[in-house]
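Protein chains: 2
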Amino acid sequence: MSTLYDKSLREVIELSSSKSPTPGGGSISAIAAVLGLSMAAMVCNLTIGKEKYKDVEPEVKNFLDAAEKLIDRLVELTEDDIKVFNRLMSAYRMPRASEEEKEAREAAVQKALKDATEVPMEIARVCLQALQASCRLSEIGNKAAVSDAGVAAVMAEAALNGALLNVDINTPTIKDREYIDRILAEKEKMLAEAGELRGQALAAVRQRIKG
Amino acid sequence: MSTLYDKSLREVIELSSSKSPTPGGGSISAIAAVLGLSMAAMVCNLTIGKEKYKDVEPEVKNFLDAAEKLIDRLVELTEDDIKVFNRLMSAYRMPRASEEEKEAREAAVQKALKDATEVPMEIARVCLQALQASCRLSEIGNKAAVSDAGVAAVMAEAALNGALLNVDINTPTIKDREYIDRILAEKEKMLAEAGELRGQALAAVRQRIKG
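Sequence lines, in order, name chains A and B.
First residue of the first sequence: 6, per my numbering; consecutive thereafter.
First residue of the second sequence: 6, per my numbering; consecutive thereafter.
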């Protein structure tokens, strides 16, 4: 299946810049998270097999496996983000002449809004895992590439924030109050943890550059 | 000329993940900034021509022009980042058997370190312009796409931070104290302004989603 990832970077940028609303902020955040994870993977690859980092090698190997899995997951979620947006637009375009049509349209819109909220939430969850790994890598990965571990961390945090803005834009229209409360609580928790991890990663990078 | 931007996104990610140190954090930051700018351009394109946003149209048109120019500049800087890294590695590999060789090598290393500092500084300067534009777009751009303006802002801020980590990693080895002091002062100023602008953009996005 041809995906955004099969297009050239130049084409992706042209598509994103156009007035077509997809790919939008959710997909772009997922791609940025993938780019960040590619830096985490590079740091792993520059650490594994080095005598100096023998002690942390098992942990770093686990991170490399994890980074590859998280990249695959984000590639799926990038496409999902486009699909759920398109489904939401289709739902909004449903007829609403009769009461029955109005009800069917509203049910479809509410369902599509939840899907369009779940996908960026899941992108944010994956970003948080990427950020946790990148933060640890800034502490234990090859010191010569420590700035790249820091780049991995800032990208993951930005992607998490970017994805969650797409949650913010959907939730006001969702009527299931219980669902919204649960999502917003999880969102706030992720934002707080991400901010802390980014600070921790940047501090570790600066410390190791000095030391 | 074939550049990273002509490769598929999948290939870029494979290249970045590999143990080859290029593309590294500077280039990846530049690409993330381009992705952010593509969202800023999309917001402009979704604002221009809309009756509701007629008053801000001239300003938004200027932002669209600026975004396109900043993207072109970052595409150049992505390649420059790879070139200066390779030149620095070549300088480190120069012979140092005699005193003359040692001196020539040290001069080449110092020159290459400054180039490898200037490129990420310039990436950061472009990111700051991208962030200023994205912040204003979150305030005045099409409200339906306000979360995408927010994504543009968080991407620009992350890319600025990521690029500047590549300044941090080079400056300790640079001997020209006056140069370092000037660079570090500019760096701190940019970091502070970027943090403030990101906060301002996120607040504007959240405010407009509510309002």
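C-beta atoms are modelled at their ideal positions from N, C-alpha and C, and glycine is treated no differently.
Bear in mind that the values here come from a model prediction, so they are computed numbers and not experimental data.
Between the region 174-183 of chain B and the region 188-202 of chain A, do at least 3 Cβ pairs fall closer than 8 Å? Output reads no: the region 188-202 of chain A does not touch the region 174-183 of chain B.
Ignore the nearest five residues each way along the sequence and tell me which others in K24/A's own chain have a CB closer than 6 Å to its CB. Nothing meets the Cβ criterion.
Does DSSP classify S103/B as helix, strand or coil? DSSP places S103/B outside both helix and strand once states are collapsed to three, so it counts as coil.
Same chain, Cβ closer than 8 Å to F68/B, five either side skipped, listed in chain order: These residues qualify, in order along the chain: A45, C49, A138, R141 and L142.
When the cut-off is 8 Å and only beta carbons count, does E56/A lie next to chain B? Chain B contact via Cβ: absent.
At least one CB of chain A closer than 8 Å to the CB of K12/B: is that the case? True, the Cβ-Cβ gap to chain A drops below 8 Å.
Neighbour list for V210/B in chain A, Cβ cutoff strictly below 8 Å: Simply L170 and D173.
C-beta neighbour in chain B for M126/A, strict 8 Å: Using beta-carbon distances, M126/A does not count as an interface residue toward chain B, since no partner is under 8 Å.
Listed from N- to C-terminal order along the chain, which residues in the region 37-57 of chain A have their beta-carbon within a distance smaller than 7 Å of any beta-carbon of chain B? Across the region 37-57 of chain A, CB contacts with chain B closer than 7 Å involve A37, V39, L40, S43, M44, A46, M47, N50 and L51, in sequence order along the chain.
Can you tell me the Cα-Cα spacing of N91/A and A129/A, whole angstroms? For N91/A and A129/A, the distance between alpha carbons rounds to 20 Å.
Chain B within 8 Å of E162/A, Cβ atoms only: E162/A counts as touching chain B.
Coarse secondary structure for S34/A, derived from DSSP in three states: S34/A falls in the helix class under three-state DSSP.
Can you tell me the Cα-Cα spacing of A35/B and I87/B, whole angstroms? Their Cα atoms are separated by approximately 11 Å.
Where the alpha helix (DSSP H) through G204/A begins and ends: Where G204/A is concerned, the enclosing alpha helix (DSSP H) starts and stops at R182 to K215.
Put S139/B into one of helix, strand or coil per three-state DSSP. The answer is helix: DSSP assigns S139/B an H, G or I state.
Hey, is V159/B's beta-carbon within less than 8 Å of any beta-carbon in chain A? Yes, contact with chain A.
Counting only the same chain and skipping the five closest in sequence on each side, list residues whose C-beta sits under 8 Å from that of A37/B. Here the set comprises M160, A163, A164 and G167.
Applying the 10 Å Cβ sphere with the 16-neighbour rule, what's the burial state of Y10/A? That one is buried.
Taking 8 Å as the CB-CB cut-off, is S34/B touching chain A? So yes, S34/B belongs to the interface.
Neighbourhood of A96/A by C-beta, 6 Å cutoff - its chain only, sequence neighbours within 5 removed: Within the same chain, A96/A has close Cβ partners A113, V114 and A117.
If you follow the alpha helix (DSSP H) that Y97/B is part of, which residue opens it and which one closes it? Counting along the chain, Y97/B sits inside the alpha helix (DSSP H) bounded by residues E62 to Y97.
Considering only the alpha carbon of each residue, which of R78/A, G30/A and A209/A lies closest to V151/B? Restricting attention to R78/A, G30/A and A209/A, the CA atom closest to the CA of V151/B is found in G30/A.
Keeping to the same chain, check which residues put their C-beta closer than 8 Å to that of M6/A; ignore five residues upstream and five downstream. A caution first: M6/A carries a pLDDT of 47, below 50, which makes its placement in the model too unreliable to give a value.
So the alpha helix (DSSP H) N166/A belongs to, where does it begin and stop? Its alpha helix (DSSP H) spans residues V151 to N175.
Just to confirm before moving on: does the CB-CB distance between L40/A and I76/B stay below 8 Å? Taking a C-beta distance under 8 Å as the contact criterion, L40/A and I76/B do not qualify as a contact pair.
I want to see whether chain A comes within less than 8 Å of I18/B, judged by CB atoms only; does it? Yes - at least one Cβ of chain A is within 8 Å of the one on I18/B.
Check whether the Cβ of L189/B lies closer than 8 Å to any Cβ atom in chain A. No, L189/B does not count as interfacial toward chain A.
With 8 Å set as the bound, which would you pick, yes or no: does the beta-carbon of V218/B sit closer than that to a beta-carbon of chain A? Nothing can be reported for residue 218/B: it is not among the residues displayed for chain B, which extend from 6 to 216.
Simplified DSSP state of S43/B, which is helix, strand or coil: In the structure shown, S43/B sits in a helix (DSSP, three-state: H, G or I).
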